[in-house]
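Written out below as structure tokens is the structure these notes cover.
Numbering (the numbering used here), first residue to last: 98 to 284.
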């Protein structure tokens, strides 16, 4: 909490420092007053000199304290602006991810239907590859959307059983049309 633009602990610290300066000033004045008993002008001069030194120290302390508070204020403003920009970025990423997910779902639906209707195995494998790739992209889009919603939350691992052979076959099947277009063959 800020009180009059200052943190309470800093205000307390400032009061303690000023109290210490005043105490030192009084102790020094008493000590000098005992040493100098013969000349009233020297006593007055020493009192005024100590008073001026105390005022200068007070102004220096207040100046550096104000400087620190100005820097703190700039840091708080920068953090606020950063938080606003981060929120805006998360909203944009969430919107983009949502917009990408919709056409990918349509493509996946159509490719699944075509896999059932097509009789040629080569074309059927290509549609399975398209289905696998769109499902992977939908999963990625969902993860980006989830991340943009819960960026401050600690990530958790979800354990799932799967057949690695089936997953590798799906990956190979999805990459084989790309390999054939490049004139390569995966055997």
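By construction, the Cβ of each residue, glycine as well, lies at the ideal position given by its N, Cα and C atoms.
Could you tell me which of the options sits nearest to residue i, measuring between CA atoms?
i	options	result
residue 205	183, 235, 188	235
residue 115	225, 188, 158, 233	158
residue 207	189, 168, 176, 228	228
residue 146	122, 224, 193, 198	122
residue 254	220, 240, 193	240
residue 246	162, 194, 166	194
residue 202	179, 233, 187, 178	233
Looking only at its own chain, which residues have a Cβ that is under 6 Å from the Cβ of residue i, when we skip the five neighbours before and after it?
i	result
residue 100	At residue 100, the pLDDT of 44 sits below 50, so the modelled position is not reliable; the number obtained from the coordinates is stated separately. Same-chain partners within the cutoff: there are none.
residue 267	229
Am I right that residue i and residue j are in contact with their C-beta atoms under 8 Å? What's the rounded C-beta distance?
i	j	result
residue 151	residue 127	Rounded, the Cβ-Cβ distance is 14 Å, inconsistent with contact.
residue 242	residue 191	6 Å
residue 230	residue 199	About 16 Å; that fails the 8 Å criterion.
residue 162	residue 111	6 Å
Excluding the 5 residues flanking residue i on each side, which residues of the same chain have their C-beta closer than 8 Å to its C-beta?
i	result
residue 155	115, 118
residue 223	274
residue 212	221, 224, 225, 228
residue 216	none
Excluding the 5 residues preceding and the 5 following residue i in the sequence, name in chain order all residues of the same chain whose CB lies nearer than 7 Å to its CB.
i	result
residue 260	none
residue 209	228
Quick check for students: name the residue ranges of the beta strand (DSSP E) that lie wholly in the segment 115–186, counting only runs of 3 or more. Segments of the beta strand (DSSP E) lying fully in the segment 115–186: there are none.
May I have a chain-ordered list of the beta strand (DSSP E) segments no shorter than 3 residues that lie completely inside the segment 255–282? Look at the segment 255–282 and you find no whole run of beta strand (DSSP E) that is 3 residues long or longer.
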